[in-house]
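Start counting at 1 in the sequence shown, then tack on 661, and there's your number in our numbering.
For every residue, glycine included, the Cβ atom is placed at its ideal position computed from N, Cα and C.
All values reported here derive from a predicted model rather than from experimental measurement.
Just below is one structure, and these are the notes that go with it.
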Amino acid sequence: MKKQENIDLYQYEHELEKEGIQYIGGVDEVGRGPLIGPVVAACCVLPADFHLEGLTDSKKLSEKKREKFYDYIKEHALAYGIGEVSPERIDEVNIYQATKEAMYMAIKQVQDQIPLEHVLIDAMPLELDIPSTSIIKGDAKSISIAAASVLAKVTRDRMMIELDQKYPMYGFASHKGYPTKKHIEAIHQFGLIDGYRKTYGPIKEMVGEK
């Protein structure tokens, strides 16, 4: 098995920079699997000399490190954007389409700030008016995508922590809305609150849909 630490996180960016491309956006999302809340995507453009020791796929970082990196990335990025698509919209169009919409929102926010020239996307192919590259497991292979993954995850996790303060009995601060055993048990015990995705398995059953 390949060790992720040996991967050059700057490989894609450096190849594009050799072609004279300066504004490269990394795009990633978080929140496709949870039962509640929005799907969140981020687009992040880093300076050529950006370096942050330990930055990788946000899922592999501790919460404390993600929070620290989040502030550093926002402070040093040339531009960033964050898109959110509501649970109602997810139910309407499905999570795949909703994820794309969140990514388009994030990219558009960046394009409003700087002349974005190329986009590196974690796995998802997008239809854009600028060149793009879809990279499988891109959040562990591209520094820009890794940075975007941190921005997206911390943004969404903070929403879940806020929801936890309002409804502590559901345990949102720990499971972040994902379908853990404790989360499912809490739903059955306390019922549904606003924000649940009604087309998702356990929730679909509770609202009586087939």
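- Where Asp783 is concerned, the enclosing beta strand (DSSP E) starts and stops at 779 to 783.
- A residue is called buried once 16 or more other Cβ atoms fall within 10 Å of its Cβ, and Lys798, having fewer, is exposed.
- With fewer than 16 other CB atoms across the displayed protein chains lying within 10 angstroms of its CB, Ala709 is exposed.
- Note that the C-beta distance between Gly694 and Val701 is not below 8 Å.
- The shortest C-alpha to C-alpha distance from Thr760 to any of Gln772, Ile782, Leu739 is the one to Ile782.
- Of the candidates Val815, Leu787, Val746, the residue whose Cα lies closest to the Cα of Glu728 is Val815.
- Glu736: member of the alpha helix (DSSP H) spanning 724 to 737, first to last residue.
- Considering only Ala834, Pro748, Ala847, Cys704, the residue with the shortest C-alpha distance to His779 is Cys704.
- Residue pairing by DSSP leaves Gly694 without any beta bridge partner.
- Below 8 Å, too few C-beta pairs join the stretch 816 to 832 and the stretch 791 to 808 to call them touching: fewer than three.
- Closest in alpha carbon position to Thr860, among Leu677, Glu753, Tyr757, Glu714, is Glu753.
- With respect to the 8 Å criterion, Asp689 and Ala809 are classified as neighbours on the basis of their beta carbons.
- For Gly742, the beta-bridge partners assigned by DSSP are Cys704.
- Classified as buried, His836 has 16 or more neighbouring CB atoms from the shown chains inside 10 Å of its CB.
- For Ile848, the enclosing alpha helix (DSSP H) starts and ends at 842 to 851.
- Taking 8 Å as the cut-off, the Cβ atoms of Leu739 and Met764 do not count as close.
- Put simply, of Leu722, Tyr757, Leu713 the residue whose alpha carbon is nearest the alpha carbon of Glu736 is Leu713.
- The alpha-carbon of Tyr671 is positioned some 48 Å away from that of Gln850.
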